[in-house]
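**Q** Take a look at the following structure, please.
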Amino acid sequence: MRTTRRDFFVLLLGAAGARAGLAAPARRTVRIGLALGEGSAVARGATLAAEEARRTGDLLGVVFELRTPGPGAAAVVGLSTPKNPPAVLFLTAGAIDGPSPVDPRIFHVASSPRRRKEALARAGKGVRVVDWHPDLVRYGAEQLNQRFHQRFGRPMDEAAWRGWMAVKAVAEAALRSPGGDLAATLATLRFDGHKGKPLEFDPQDHHLRQPVYLVDGRGRLIGEAG
Amino acid sequence: MTRVLGLLGFFWTLPILAAPFAYVSNERAGTVTVIDTATDKPVATLRVGTGPRGIHVSPDGKRVYVALSDTARNSQSAADAIAVLDPAGRRVIARYSAGSDPEQFAVSRDGSRLYASNEDAGTASVSDLKTGKVIAILIVGIEPEGVAISPDSRWVYVTAETSNTVSVIDTRKNEVVASFLVDPRPRAAAFSPDGKRAWVTAEIGGSVSIVDVARHQVVRRIPLPRSKPVGVVVSPDGKWVYVANGHGNSVAVIDAAAGKVVATIPVGKRPWGIAVSKDGKKVYTANGVSNNVSVIDTRTRKVIATIPAGAGAWGVAISP
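If you read the protein sequences in the order shown, they are chains Z and P. Quick note on our numbering: the first sequence kicks off at 475 and runs consecutively. Quick note on our numbering: the second sequence kicks off at 234 and runs consecutively.
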């Protein structure tokens, strides 16, 4: 089952799963606004997560719609922190290089600048810190990298993973807190990002606590910074 | 039966001994280690093919099934199969198709059906063990992994690592009739002997969920601190649940009635597969990093033997 480009902004309920006979829950719809450049790596990651959320929702009686931000959106995924306080849950899927305002409705999928600086301090010259790498294998990372490559014909880089993680985090919060406050759920949610540890948002700065990885000057994966 | 194997190599180190035996799949070695549970010594090693993982003994003890998969993900090849071992002759006698990259599976009580998870395809395959043919392919969660069948063979639970779901297959219809959410990265499931409860491990969630099978709903969640639960098995009397803690390098013992962890037993490195002897007196874990098997005395809750296995020891099954 492959989602076409046309399905990018509005994902419709598939047929599979509708047969569920035992305790089939009433279907509800979760709309996620996407403020990302179409065709960008981060948007591709978000698309993959949305397709996977749709498959999961299909099994569990939830319809996920991914569309441009607007009325009815339960959450918005964007690249950078909004200038004004958001009306709904807002996740940034881009890099945050400097201090960002702590808002109960804003969460950052990227590792914090402080975390990256600490990891870099322990590394040698010419080393970069990334949140993801297409050569990661353990903890299901290989399977995620392969799903992305199979879907888009290119490796899953850091930006793509952030887009994927942002939508997956929102979708998981929606599944685990039906009808509840998504921001409040996300603030305490522990979830899987294929990094071998439960991931969660830091209550202090709302950046995602996560293992980060070291790459050399040629972009090769050389280690994990824990 | 798709193909009788005559090409694979077999080698045995000792003559056949009395049952019961424990069979250990060694993923990286491509072998199955046979252990005499009376002596807890390895008695044979059998080459079976690429990447053996899931392993089960048929209810009558006359066959051992091993899931094999090729090294290439997202593709199906002749290396993807269920190998059938004849325990008496100690040789591979057949290979069944079970979809792409079969990993874990379960066999119905009458030995007629085999249900396998196909991780990369996001499906579960139902195979007819008389013909060796796949008779149904069902859409389940994303990255399906653990497969368990209820004692009456009515329900098959398939866990899925990425969607954090369990899909319920009604074996009378060969359809997915329900799905429910569990903790992050569910890896395996096991039913209680009376079929009323199921236990589902979650590696990243660090927990075990107790499921009411009548409703297919989670009724309770048991946290297992500092562990990464993977394999799970229930004692024959239903009183104890044993959880292999993976990178936690231990086995948790849960009082099934109380739903409480009563002991944590250090074992080898990264126990994955876990099995309990038919008399409930011993538990065996396949330790994938230390390449061995730990044997636990369930009365003293101590490791009483450590048995060498092959590289990447993954699953373990015990004959009746």
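All C-beta atoms in this analysis are idealised placements derived from N, C-alpha and C, irrespective of residue type, glycine included.
Can you say whether LYS515(P) is buried or exposed, counting buried as having 16 or more other CB atoms within 10 angstroms of its CB?
**A** Position 282 of the second sequence, counted from the start, is the residue given in the question as residue 515(P). Answer is buried; the Cβ neighbour count reaches 16.
**Q** Using three-state DSSP, classify LYS642(Z) as helix, strand or coil.
**A** If you number the first sequence from 1, residue 642(Z) lands on position 168. LYS642(Z): helix per DSSP, three-state reduction.
**Q** Classify TRP505(P) as helix, strand or coil using the three-state DSSP reduction.
**A** Residue 505(P) sits at position 272 when you count from the first residue of the second sequence. Reduced to three states, the DSSP call for TRP505(P) is strand.
**Q** Just verifying my parser: in three-state terms, what is the DSSP assignment at GLU632(Z)?
**A** The residue given as residue 632(Z) occupies position 158 in the first sequence. Correct three-state label for GLU632(Z): helix.
**Q** Would ALA523(Z) and LEU656(Z) be called neighbours here (beta carbons separated by less than 7 Å)?
**A** As a first step, residue 523(Z) must be located in the first sequence, where it is residue number 49. As a first step, residue 656(Z) must be located in the first sequence, where it is residue number 182. No, the pair does not count as a contact, with Cβ atoms beyond the cut-off.
**Q** Is there a Cβ of chain Z sitting closer than 7 Å to that of SER460(P), yes or no?
**A** In the second sequence, counting from the first residue as 1, residue 460(P) sits at position 227. With 7 Å as the cut-off, SER460(P) does not count as an interface residue toward chain Z.
**Q** List the residues of chain P that PRO608(Z) touches, going by C-beta distances under 9 Å, in chain order.
**A** Locating residue 608(Z) in the first sequence gives position 134, counting from the first residue. Neighbours of PRO608(Z) on chain P: none; closest Cβ ~14 Å, over 9 Å.
**Q** Can you list the beta strand (DSSP E) stretches of 3 or more residues lying completely in the stretch 282-308 of chain P, in chain order?
**A** For the stretch 282-308 of chain P, whole beta strand (DSSP E) runs of length 3 or above, ordered along the chain, are 288-290, 297-301.
**Q** In whole angstroms, give me the CA-to-CA distance for SER302(P) and THR395(P).
**A** Here residue 302(P) corresponds to residue number 69 of the second sequence, with the count starting at 1. Here residue 395(P) corresponds to residue number 162 of the second sequence, with the count starting at 1. Answer to the nearest angstrom: the Cα atoms are 20 Å apart.
**Q** Going by CA-CA distance only, name the one from ALA520(Z), PHE622(Z), GLN617(Z) that's closest to LEU553(Z).
**A** For this step, residue 553(Z) is matched to residue 79 along the first sequence. Of the candidates ALA520(Z), PHE622(Z), GLN617(Z), the one whose C-alpha sits nearest the C-alpha of LEU553(Z) is ALA520(Z).
**Q** For the beta strand (DSSP E) holding PHE564(Z), just list the boundary residues, first then last.
**A** Within the first sequence, numbered from 1, the residue matching residue 564(Z) stands at position 90. Per DSSP, PHE564(Z) belongs to the beta strand (DSSP E) from 563-566.
**Q** Please list, in chain order, the chain P residues whose beta carbon lies closer than 7 Å to that of PRO629(Z).
**A** In the first sequence, residue 629(Z) corresponds to position 155, counting from 1. The contacting residues do not exist; PRO629(Z) stays about 15 Å from chain P at best.
**Q** So, ILE187(P) versus PRO253(P), is the Cβ gap smaller than 7 Å?
**A** In the structure as shown, chain P starts at 234 and stops at 553, and residue 187(P) therefore has no counterpart that could be examined.
**Q** Which of the residues in the stretch 418-442 of chain P, read from start to end, lie with their CB under 8 Å from any CB of chain Z?
**A** The stretch 418-442 of chain P vs chain Z, Cβ under 8 Å: ARG418, ILE437, GLY438, GLY439.
**Q** Along the beta strand (DSSP E) that carries GLY531(Z), what are the first and last residues, could you check?
**A** Here the question's residue 531(Z) lines up with position 57 in the first sequence. Per DSSP, GLY531(Z) belongs to no beta strand (DSSP E); it is in the alpha helix (DSSP H), 515-534.
**Q** When DSSP builds the beta bridges, which residues end up paired with GLU408(P)?
**A** The residue labelled residue 408(P) in the question sits at position 175 within the second sequence. GLU408(P) pairs with ASP403(P).
**Q** Between which two residues does the beta strand (DSSP E) holding GLN337(P) run?
**A** In the second sequence, counting from the first residue as 1, residue 337(P) sits at position 104. Here the beta strand (DSSP E) through GLN337(P) covers 335-340.
**Q** What would DSSP say about HIS480(P), mapped onto helix, strand or coil?
**A** For the purposes of this step, residue 480(P) is taken as residue 247 along the second sequence, with counting starting at 1. If DSSP states are grouped into helix, strand and coil, HIS480(P) belongs with the helices.
**Q** What residues of chain P sit near ASP666(Z), judged by a beta carbon separation below 7 Å?
**A** Along the first sequence, one-based indexing puts residue 666(Z) at 192. Going along chain P in sequence order, the residues near ASP666(Z) (Cβ under 7 Å) are PRO417, ARG418, ILE437.
**Q** Return yes when the Cβ of SER350(P) is within less than 7 Å of the Cβ of TYR329(P), no when it is not.
**A** What you label residue 329(P) is simply residue 96 of the second sequence in a count that begins at 1. What you label residue 350(P) is simply residue 117 of the second sequence in a count that begins at 1. No.
**Q** May I have a chain-ordered list of the beta strand (DSSP E) segments no shorter than 3 residues that lie completely inside the stretch 520-551 of chain P?
**A** List check, beta strand (DSSP E) in window: 525-530, 535-541, 546-551.
**Q** For GLU352(P), which three-state DSSP category applies?
**A** Locating residue 352(P) in the second sequence gives position 119, where the first residue counts as 1. Coil at GLU352(P), not helix or strand.
**Q** Taking Cβ to Cβ, would you say HIS680(Z) is nearer than 7 Å to SER586(Z)?
**A** Here the question's residue 680(Z) lines up with position 206 in the first sequence. Here the question's residue 586(Z) lines up with position 112 in the first sequence. No, these two residues do not count as a Cβ contact at 7 Å.
**Q** Pick helix, strand or coil for ASN259(P), following the three-state DSSP scheme.
**A** For the purposes of this step, residue 259(P) is taken as residue 26 along the second sequence, with counting starting at 1. Three-state DSSP puts ASN259(P) in a strand.
**Q** Using the Cβ count rule (16 or more neighbours within 10 Å means buried), how would you classify VAL299(P)?
**A** Taking the first residue of the second sequence as position 1, residue 299(P) is located at position 66. Buried, because 16 or more other Cβ atoms sit within 10 Å of the Cβ of VAL299(P).
**Q** Compute the distance between the beta-carbons of ALA519(P) and VAL257(P), then report whether it is under 7 Å.
**A** Mapped onto the second sequence, residue 519(P) falls at position 286. Mapped onto the second sequence, residue 257(P) falls at position 24. In this structure, VAL257(P) lies closer than 7 Å to ALA519(P) by Cβ.
**Q** Using the Cα positions of GLY355(P) and GLU376(P), report the straight-line distance between them to the nearest angstrom.
**A** Taking the second sequence and counting its residues from 1, the one referred to as residue 355(P) is at position 122. Taking the second sequence and counting its residues from 1, the one referred to as residue 376(P) is at position 143. GLY355(P) and GLU376(P): Cα-Cα distance of roughly 5 Å.
**Q** Report the three-state DSSP secondary structure of ARG625(Z) (helix, strand or coil).
**A** For the purposes of this step, residue 625(Z) is identified with residue 151 of the first sequence, where counting begins at 1. It is helical.
**Q** Relative to chain Z, which residues along the stretch 387-403 of chain P have a C-beta separation below 9 Å, given in chain order?
**A** Per Cβ criterion, the list reads ALA393, GLU394, THR395, SER396, ASN397, THR398, SER400, VAL401, ASP403.
**Q** Using beta-carbon positions only, say whether ASN482(P) and LYS502(P) come within less than 7 Å of one another.
**A** If you number the second sequence from 1, residue 482(P) lands on position 249. If you number the second sequence from 1, residue 502(P) lands on position 269. In contact: ASN482(P) and LYS502(P) (Cβ atoms closer than 7 Å).
**Q** If you follow the alpha helix (DSSP H) that PRO559(Z) is in, where does it begin and where does it stop?
**A** Residue 559(Z) sits at position 85 when you count from the first residue of the first sequence. Taken as a continuous stretch (DSSP letters only), PRO559(Z) belongs to no alpha helix (DSSP H), as it is neither H nor E.
**Q** Just grab the DSSP bridge partners of ASP690(Z) for me.
**A** The residue labelled residue 690(Z) in the question sits at position 216 within the first sequence. Answer by DSSP bridge pairing: none, since ASP690(Z) is not bridged.
**Q** Given this structure, state the Cα-to-Cα distance separating LEU594(Z) from VAL601(Z), to the nearest angstrom.
**A** The sequence position of residue 594(Z) within the first sequence is 120, counting from 1. The sequence position of residue 601(Z) within the first sequence is 127, counting from 1. For LEU594(Z) and VAL601(Z), the distance between alpha carbons rounds to 7 Å.
**Q** Whose CA, out of ALA645(Z), PHE675(Z), GLY544(Z), lies closest to the CA of ALA561(Z)?
**A** Along the first sequence, read from residue 1 onward, the residue named residue 561(Z) stands at position 87. Comparing Cα positions, the closest option is GLY544(Z).
**Q** Quick check on the burial criterion: 16 or more other C-beta atoms within 10 angstroms. Buried or exposed for VAL452(P)?
**A** As a position in the second sequence, residue 452(P) is number 219, starting the count at 1. Counting Cβ neighbours within 10 Å, VAL452(P) comes out exposed, since fewer than 16 surround it.
**Q** Excluding the five sequence neighbours on either side, which residues of its own chain have a C-beta within less than 6 Å of the C-beta of ALA262(P), listed in chain order?
**A** Within the second sequence, the letter at position 29 stands for residue 262(P). Counting only Cβ-Cβ distances below 6 Å, and skipping sequence neighbours, we find GLY543, ALA544.
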